Structures are given as structure tokens and as C-alpha cells.
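**Q** Residue numbers (our numbering), protein chains in the order written: chain S, 1 to 110; chain W, 1 to 523; chain L, 1 to 106.
Note that beta-carbon positions come from the ideal geometry of N, C-alpha and C, so glycine has one too.
Predicted model only: the values in this text are computed from it and were never measured.
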Amino acid sequence: MEYKVFDRTKPIGEFTAQPDDDLIICRCEEITKGEIRKAVYDGMYTINEIKRYLRAGMGLCQGLTCGRNVKDIVARELGISPAELEEATPRPPARPVTAKVYADCRGEED
Amino acid sequence: MKRYDLIVIGAGPAGLSAAIEGAKAGMRTALFDENEKPGGQLFKQIHKFFGSKEHKAKIRGINIGGELLKEAETAGVEVHLSSTVIGIYPEKCISVNRGDHIENYRAEAIIVATGAAERMIPFKGWDLPGVLGAGAAQTMMNLHGVMPGNKIVMMGTGNVGLVVSFQLLQAGCQVEALIDAAPRVGGYGVHAAKVARTGVPFYLSHTIVEAKGTDHVESVVIGQVDEKFRIIPGTEKEMEADTVCVAVGLNPMSQLVRMTGCEMKEVGGLVPACDEYGATSIPGIFAAGDVSGIEEASSAMIEGHITGLAAAKYAGWIEEDTFKTQVEERTASLEKLRQGMFAPQNKGKKIEKTDEGLPVSASLLERGYMDANEMETYPGVVKKEGVHPVIECSQNIPCDPCQEACPFGCIKVGERITDLPAVTEDSVCKNCGACVAACPGQAIFLVNEDEDGTYGTVTLPYEFLPLPQAGDRGKGLDRSGRPVCDAEVVKVQDTNAFDKTAVLTMRVPREYAMTARFFKKEV
Amino acid sequence: MRIAKHPILGEYEKGRKVKFYFDGKEMEGYEDEPIAAALRAAGVTTHRHTRRNGRPRGIFCAIGRCTDCVMVVDGEINVRTCITPLKEGMRVQTQYGLSAKEGTEE
Chain S
1 MEYKVFDRTK PIGEFTAQPD DDLIICRCEE ITKGEIRKAV YDGMYTINEI
51 KRYLRAGMGL CQGLTCGRNV KDIVARELGI SPAELEEATP RPPARPVTAK
101 VYADCRGEED
Chain W
1 MKRYDLIVIG AGPAGLSAAI EGAKAGMRTA LFDENEKPGG QLFKQIHKFF
51 GSKEHKAKIR GINIGGELLK EAETAGVEVH LSSTVIGIYP EKCISVNRGD
101 HIENYRAEAI IVATGAAERM IPFKGWDLPG VLGAGAAQTM MNLHGVMPGN
151 KIVMMGTGNV GLVVSFQLLQ AGCQVEALID AAPRVGGYGV HAAKVARTGV
201 PFYLSHTIVE AKGTDHVESV VIGQVDEKFR IIPGTEKEME ADTVCVAVGL
251 NPMSQLVRMT GCEMKEVGGL VPACDEYGAT SIPGIFAAGD VSGIEEASSA
301 MIEGHITGLA AAKYAGWIEE DTFKTQVEER TASLEKLRQG MFAPQNKGKK
351 IEKTDEGLPV SASLLERGYM DANEMETYPG VVKKEGVHPV IECSQNIPCD
401 PCQEACPFGC IKVGERITDL PAVTEDSVCK NCGACVAACP GQAIFLVNED
451 EDGTYGTVTL PYEFLPLPQA GDRGKGLDRS GRPVCDAEVV KVQDTNAFDK
501 TAVLTMRVPR EYAMTARFFK KEV
Chain L
1 MRIAKHPILG EYEKGRKVKF YFDGKEMEGY EDEPIAAALR AAGVTTHRHT
51 RRNGRPRGIF CAIGRCTDCV MVVDGEINVR TCITPLKEGM RVQTQYGLSA
101 KEGTEE
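Structure follows, in C-alpha cells:
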């Protein structure tokens, strides 16, 4: 699938506040719509950047609930379709695991 | 590292079916699921399934789940529960969290059948306790026997929203309203109609403005939206409710399969780009069920079988010929389900006419029930003397158990299972109720329009408690759930063959025989 | 809030009755049902208060994915109560941010 590589030299205008900016989008990390919108104007044009910048989608649920909503918000600010925006890179562990459990890896040897 | 011939991730309808095929082909097959119990969402589906006999139509999801589990056991599938796959690698290895540690496994082929997660639409107060997914409500009541709340507002009129609303009513909850931002009901009309006739109002072109409350939902503000889904000021309406269920669609859970680096595509959610047998762009990695595109459980099961066969062929466990014959049969069966108005290719399209060229009921789409004067448009609704079936089925959905249910040949669906059922002209109905109980959409009524010059009778499906008894008096409700006449129950049939759909006959004034469609006991 | 008898499912198969403690208060539930189900049946709907804004949260997905229903269980934080089976004598506490409030133990 071809994702849009956004031309970062093109200006996208100024951030303007919206009445529902205080709406919680990422429930785990409590990141609002306004924070996500602002981050785009701070230069975060990809979902991976938004994730690292704000922690949206980086909480316990790993973006299972908010992933799509974050994508929709960012795409709208950039004026592109959400389908053109690559989702955050999925990495293990896909579910919350404590470090103690994660470190106890058995059956490695072949 | 422990090796298997085939690893399947996810023990829902697709995963179980895939694993069964692998094991049947002789592969050492392991099936991993993060849940304590297998079956995915099947064990929450307490309604009768649509389709044909070959799709296990008119059998409840819970019972189909039980059958699949038995089949998997017989085939020799190793089922690992409470085993969460947390990583998958292109070398066909997986990491699994089992209790207090991680284990790694490798296989010749891996089938990812991780299903879907509920989509959410944020609104003010959506993080308050009392706002939950429709699937969550289903889990609470159907698996754990706990009511998710008392007064419920359902957001979404797709099949999930409609089916869960009905289940909430069955569990004893009050459904205050069904809300949808779209101007039309999204799911099957028959699912909407069985909710509407109990008296639940539908608000199309409406959305939730806010869920209010301090520690829990206390009320819900809804508002009408314009064609761009913006709330029209001044249309807000506050209703008392303690629970909001959200059923606005599903997202394929493709995070895990994406870790393999396989090619992806966007089809109402991000899904792996697969060939017709479920093979991804990475050799030996397959996907089946909702993870590769949202459909019904019946389709997921067939997809699972096909992908299981494809994986067996890939790893050299079955011959090309065997593969071809078996897959052909399954594909034909799948094609039958993918016809009609709700077929995947028609998603989002506004369909104004049935395949028969009849107008689709506008009232059904806008209010959840058909208008009395639209009825006679459809081939299942005829007026005649004596008892006869009235089939209020007006959309081309893949379903035909009614045809087989009638031992007297009164009902004919026709060539394709999506054709509208018709009442045959020379039929003689014996008022046995078999079709009433068999219809997964609860859309068949047996009506005697004129019993004795004063009264008529209506026989209807009834799946609530307490079950009325012969002699009970109350009101006959019309299709919108409005009480329209006095009614007396004259007969209640509740046989094993009806599988918990009681068939209730009520006597009503004859002028209401084509209007009254539900019974409410006087209290 | 428990469904006594269901028109399709009849009576629910449940484990034996067990006692557990919610913020020090003794409650009853059925063994091996999810902690969240026992709490809902007992009328408890707030499982935690969020770290940043202190907002109450409860059951949201009921299948262990959204992690909104996490609580402190037997001293361990972030336990998904919707998929963790209830056991006799379990100590379940409301989670504030990443810990239980002091003094809610006994």
C-alpha cells in the first residue's frame, strides 16, 4: 500500500482552537483532540511521530481503542484521507506484559 | 523452540475452522487464544444465525460454537487458552505470554485469525463509567449473567447495535432509544423490526452530544445532525439513562499480522492484502476472518476452512486436487452469503429497490419498522381466508430457513437464498408455528384475519421472560410498539424443536389482525 | 443486577459463592467469574481514577483489550478486572493513577 509522504516544506497554516479540543481521544494516556491537533502544527505529520511526541497510543492498550480516531484527526488537519496515513509501527508485545514476565523467555534453544 | 506444522492465532469462528482443516489434513496444529475460553464472540451470539442449512442457519451462535469446539477436539487440534500471542515474526515464529513467562514457537505455516475490535466515536463524557462497547454489554449479560445497566441508550443501528439491543431487552434491561448519525438503519430490517415492535424508539440522523454524570452516566443528551453530521443547534434532547452502548462498527485487529511486514490494504480498516485463499504477501503467513475484512461469523467460518486448506496445501499436506475440490465447495457456499443488499460490495450504498424490483420500505429504514400500508408490496404478505403466514421480510438478505421449515410447502424463497420469501398460492397453513420459530429475523406471523366475524388471531415469536400463558390478557402492540387493541393469549407453544423461540397466539379484534405484532401483558 | 433467568440461556453456570474485599469492604461474588462482573453485580462501577485528570473509569470493552477497568488486585497494579477470575479472599482496590489509596486496605 502506498502511503502519502507529506511535503514538510509546504505550510499547513496556523493552529486554530476548536470548541471540542478538550475531548479525550487516547483514553489510556488522556490525550485530547486539541493536543493531537496542535502536535500536527508542531510538525508531527505521522502517527509514529504523534505517538512519540504525545504518548497517544502508547499506553496500556497500545492504541487499540484510539488508533483509528487519532489517524482521522491527523489526516483531517493535513487535508488528506486517513487511508493515506500509515498507522503506528506495531511491535511486540502486542498486549501489556510486565517486564518480569517479558524477561522470562523459555524454549529459546532450537 | 517447540515446532508445529500449523499455528493458528485466535480461536474464534475463523481460527477454529482453519485449525480443524489443518488437523484433518494431518498437520500437528496448535491454536492459541488470549481468552480463558475458546469460541471468540460466538458464545455471546445467542440469536439464530441467518443463511442456509449449510451455513448452520437457524442455529444459535452459542450452539454453533459448541459444535466447532467438538469438531476441533475430534480433529486433534491442540488448543492453548489464556495464551496471548504478543509477537509474530516473518520467520514464522511467535512469542506467547503464558501465565508468568513467555514461550516461543515455530511452524511451517501460521494463520492469523485475530478478529476485530470495537470501533469508538468519542463524545463528551465517553470516558465515564456507564459508557461501554455494545460487545462489552453482550459479554456482561450473555457470558457472565450480569446486566450492564438498567436504562440504556444504544448508539448505532448496524446489526451489532440491533442484535445487542434485542439481547438487552431479553436480559431485562430497558432500551431507551436507538441512535444513529446515518439517516438510515444500517443493519437488517428484520433485526430493527423486532426491537421496534417492543416499543423502542429509533432516532436516525441523531448523535450523542454528551453523556452526563459525575461518577457514572446519569443522562444522555442527543441531537439531530445535518447531512455533514454536524449537530443542528436547538435539536438537543436530554434523556435519563445510566448506560450508553456504542456499536459504531468494528476495526480489524491487524496489528499482529502487520508485524510480519506483509503487504496491507485499506478496506474499511487496515487489513492484510490476501489472495482468495487467505495467503498474505509473506509465504506461509495466512489471514482469515474479520482480521482480513469485517463480515458475519458465518462467512468467517467458511473463510477459516478455505484458509486452513490453503495452509495445508502450502506446507505439502494435501494434494492440489483435493484442495481444489474442497475449496470449490466452500467458495460456492461463501458466495451464497455474499449476495443481496448487505453484501460486502454494497457496503455504504443506498439501495432503493429489491432484486425483485420492489421499493425498499422507507419507514423501515427511517423508523425501524414497516408502515402498515407498505406491507402488501412484498411477496410474503398476502391476504386470504383462514390462517396463513405473513412474512414481513422486505430486504434481500442471505437466509432461507423459512422455506424448509414449512412441512406443507406454504413458503418459497426461490433460486437464490437472498430472494424474498413468498407465500405460495395453493398452500394450506396448519398453524403449526414451525416457520415462526425458524425465522432468524422473527419476521413471520401466522394470521387469521377473521376467525368468527369479530376476532382474528396473530401467532408471533416470543423470546422474553416471563412467558405469557394461555388466558393472559393484555394489549396488542403494533409494529412501532404502540398499544392498539386488547389482546388475549389463546395458545403458547414452546417445544424443543423451536429452540427457545416460544410461539404465542393472541386473539385480537379482527380489524387489528394485520396491525398487532407483539403482546404486552397487563400488569 | 444479576440476570436470574434468561429466556435463551436459562440459568447461568456459576462457581461457588466466595467472599472478597473491595476497598476493604466485604463483598460476595462467584468463584472464577471476572472480578468486574462481581463488582457490577454489587453496584460498583468506578474501577479507577485516571492519573492525569483523576477521571473515574470503569468497564469499557469487557474483554481485556482497552485496559480501562484495571485495579489493584492483591497488591498488584494494572490488573484487568474484566478478564481476571475472582478468587476467595481477593483484595480488590480502586486504582488512583498507579496505586491504591492508602488506608483502603483493611
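Distance check for V40(S) and P203(W), CA to CA, integer angstroms please.
**A** Along the second sequence, read from residue 1 onward, the residue named residue 203(W) stands at position 203. Along the first sequence, read from residue 1 onward, the residue named residue 40(S) stands at position 40. Per the sequence shown, the amino acid found at residue 203(W) is Tyr instead of Pro. Their Cα atoms are separated by approximately 36 angstroms.
**Q** For the pair the region 416-436 of chain W and the region 25-41 of chain W, tell me if three or more CB-CB distances fall below 8 angstroms.
**A** Verdict: no, contact absent.
**Q** May I ask you to list, following chain order, the residues of the region 50-72 of chain L that have a beta carbon less than 9 angstroms from some beta carbon of chain S?
**A** Answer in chain order: T50, R51, R52, N53, R55, R57, F60, C61, G64, R65, C66, T67, D68, V70.
**Q** Against L23(S), what residues of chain C qualify as contacts under a CB-to-CB distance less than 9 angstroms, listed in chain order?
**A** The question asks about chain C, but that chain is absent: this structure's protein chains are S, W and L.
**Q** Spatial neighbours of T214(W) within its chain, please: C-beta separation below 7 angstroms, excluding the five flanking residues on both sides.
**A** Residue mapping note: residue 214(W) aligns to position 214 of the second sequence, counting from 1. Here the set comprises nothing.
**Q** Going along chain W in order, which residues have a C-beta closer than 8 angstroms to the C-beta of Y12(L)?
**A** Position 12 of the third sequence, counted from the start, is the residue given in the question as residue 12(L). Under the 8 angstroms cutoff, chain W gives H144, G145.
**Q** Could you list which residues in chain W have their beta carbon closer than 7 angstroms to that of A37(L), in chain order?
**A** The residue labelled residue 37(L) in the question sits at position 37 within the third sequence. Per Cβ cutoff of 7 angstroms: M140, H144, V146.
**Q** Helix or strand or just coil, what does DSSP make of R80(L)?
**A** Along the third sequence, one-based indexing puts residue 80(L) at 80. In this structure, R80(L) counts as strand in the three-state DSSP scheme.
**Q** Can we say the region 335-347 of chain W touches the region 396-414 of chain W, given the rule of at least three CB pairs closer than 8 angstroms?
**A** The region 335-347 of chain W is in contact with the region 396-414 of chain W.
**Q** Please tell me whether R2(L) has its Cβ less than 7 angstroms away from any Cβ of chain W.
**A** As a working mapping, residue 2(L) is identified with position 2 in the third sequence. Yes, R2(L) counts as interfacial toward chain W.
**Q** For T89(S), name the three-state secondary structure that DSSP assigns.
**A** Indexing the first sequence from 1 puts residue 89(S) at position 89. Reduced to three states, the DSSP call for T89(S) is coil.
**Q** Looking at the C-beta of A41(L), does it have a partner C-beta in chain W at a distance below 7 angstroms?
**A** Start at 1 with the first residue of the third sequence, and residue 41(L) comes out as number 41. Yes, because at least one Cβ of chain W sits closer than 7 angstroms to the Cβ of A41(L).
**Q** Which of the residues in the region 66-95 of chain W, read from start to end, lie with their CB under 9 angstroms from any CB of chain S?
**A** Hits within the stretch, in order: T84, V85, I86, G87, I88, Y89, S95.
**Q** Determine the extent of the alpha helix (DSSP H) in which K336(W) is found, giving its start and end residues.
**A** Position 336 of the second sequence, counted from the start, is the residue given in the question as residue 336(W). Residues 320-337.
**Q** Do the CB positions of V164(W) and A137(W) come within less than 7 angstroms of each other?
**A** In the second sequence, counting from the first residue as 1, residue 164(W) sits at position 164. In the second sequence, counting from the first residue as 1, residue 137(W) sits at position 137. Taking 7 angstroms as the Cβ cut-off, V164(W) and A137(W) qualify as a contacting pair.
**Q** Exposed or buried, what is V8(W) when buried is set at 16 or more other beta-carbons lying within 10 Å of its beta-carbon?
**A** Taking the first residue of the second sequence as 1, we reach residue 8(W) at position 8. So V8(W) ends up on the buried side.
**Q** Quick test of the definition: if touching needs 3 or more C-beta pairs under 8 angstroms, does the region 48-66 of chain S touch the region 66-81 of chain L?
**A** Segments in contact, yes.
**Q** Got a sec, what are the start and stop residues for the beta strand (DSSP E) D486(W) sits in?
**A** In the second sequence, the residue the question calls residue 486(W) occupies position 486. Unbroken beta strand (DSSP E) run through D486(W): 483-493.
**Q** Going by beta-carbon coordinates alone, are I24(S) and C66(S) separated by less than 7 angstroms?
**A** Position 24 of the first sequence, counted from the start, is the residue given in the question as residue 24(S). Position 66 of the first sequence, counted from the start, is the residue given in the question as residue 66(S). Contact: no.
**Q** Would you mind listing the beta strand (DSSP E) stretches within the region 23-96 of chain S that are 3+ residues and don't spill past its ends, in chain order?
**A** Runs found: 24-26.
**Q** Could you run through the region 77-101 of chain S and flag, in chain order, every residue whose CB is less than 7 angstroms away from some CB of chain L?
**A** Within the region 77-101 of chain S, the residues whose Cβ lies closer than 7 angstroms to some Cβ of chain L are P96, listed in chain order.
**Q** For chain L, check one thing: does any of its Cβ atoms lie closer than 7 angstroms to the Cβ of C216(W)?
**A** Residue 216(W) sits at position 216 when you count from the first residue of the second sequence. In the sequence as displayed, the identity of residue 216(W) is His instead of Cys. It does: the Cβ of H216(W) has a partner Cβ on chain L nearer than 7 angstroms.
**Q** Just the Cα atoms here: how many angstroms apart are G12(W) and P19(S)?
**A** Counting from one through the second sequence, the residue named residue 12(W) turns up at place 12. Counting from one through the first sequence, the residue named residue 19(S) turns up at place 19. Their Cα atoms are separated by approximately 42 angstroms.
**Q** Below 9 angstroms between beta carbons is the criterion; list the residues of the region 20-54 of chain S that meet it against any residue of chain W, in chain order.
**A** The region 20-54 of chain S vs chain W, Cβ under 9 angstroms: D20, D22, L23, I24, I25, R27, E30, K33.
**Q** Using a threshold of 7 angstroms, state whether the C-beta atoms of A513(W) and V447(W) are closer than that.
**A** Your numbering for residue 513(W) matches position 513 in the second sequence. Your numbering for residue 447(W) matches position 447 in the second sequence. Yes, Cβ-Cβ distance for A513(W) and V447(W) is below 7 angstroms.
**Q** Measuring CA to CA, which of G261(W), G474(W), L358(W) is closest to A88(S)?
**A** Position 88 of the first sequence holds residue 88(S). The shortest C-alpha separation from A88(S) is found at G261(W).
**Q** Please list, in chain order, the chain W residues whose beta carbon lies closer than 7 angstroms to that of L9(L).
**A** As a first step, residue 9(L) is located in the third sequence; it is residue number 9 there, counting from the start. Within chain W, the residues near L9(L) are I46, N142.
**Q** Give the single residue among E392(W), V503(W), Q41(W), E210(W) whose Cα lies nearest to the Cα of G115(W).
**A** Position 115 of the second sequence holds residue 115(W). Ranking E392(W), V503(W), Q41(W), E210(W) by Cα distance to G115(W) puts Q41(W) first.
**Q** Closer than 8 angstroms by beta-carbon distance: list the chain S residues that pair up with H101(W), in chain order.
**A** On the second sequence, residue 101(W) is found 101 positions in, with the first residue counted as 1. Those are V101, D104, C105, R106, listed as they occur along chain S.
**Q** Counting only beta-carbon atoms, is E33(L) nearer than 7 angstroms to chain W?
**A** Looking up residue 33(L) in the third sequence gives position 33. At least one chain W Cβ lies under 7 angstroms of E33(L).
**Q** Using CA coordinates, which residue listed in V92(L), T45(L), E102(L) is at the minimum distance from K19(L)?
**A** Residue numbering aside, residue 19(L) sits at position 19 when the third sequence is read from its first letter. Measuring from the Cα of K19(L), the nearest candidate turns out to be V92(L).
**Q** Could you tell me how far apart the beta carbons of S52(W) and H305(W) are, in whole angstroms, since I believe they sit closer than 8 angstroms?
**A** One-based indexing of the second sequence puts residue 52(W) at position 52. One-based indexing of the second sequence puts residue 305(W) at position 305. Not quite, the Cβ-Cβ distance comes to about 16 angstroms (not below 8 angstroms), so this is no contact.
**Q** Is the separation between the beta-carbon of F323(W) and that of K313(W) shorter than 7 angstroms?
**A** Counting from 1 along the second sequence, the entry for residue 323(W) is found at position 323. Counting from 1 along the second sequence, the entry for residue 313(W) is found at position 313. Closer than 7 angstroms, so yes.
**Q** Is the beta carbon of K124(W) closer than 7 angstroms to that of A241(W)?
**A** In the second sequence, counting from the first residue as 1, residue 241(W) sits at position 241. In the second sequence, counting from the first residue as 1, residue 124(W) sits at position 124. The answer is no: Cβ separation not under 7 angstroms.
**Q** Would you kindly work out how many angstroms separate the C-alpha atoms of V5(S) and E86(S), rounded to a whole number?
**A** Position 5 of the first sequence, counting from 1, holds the residue named residue 5(S). Position 86 of the first sequence, counting from 1, holds the residue named residue 86(S). Cα-Cα distance, rounded: 9 angstroms.
**Q** Hey, would you say the C-beta of E87(S) is under 6 angstroms away from at least one heavy atom of the ligand COA?
**A** For the structure depicted, the ligand COA is absent and the ligand set is empty, with no information on it obtainable.
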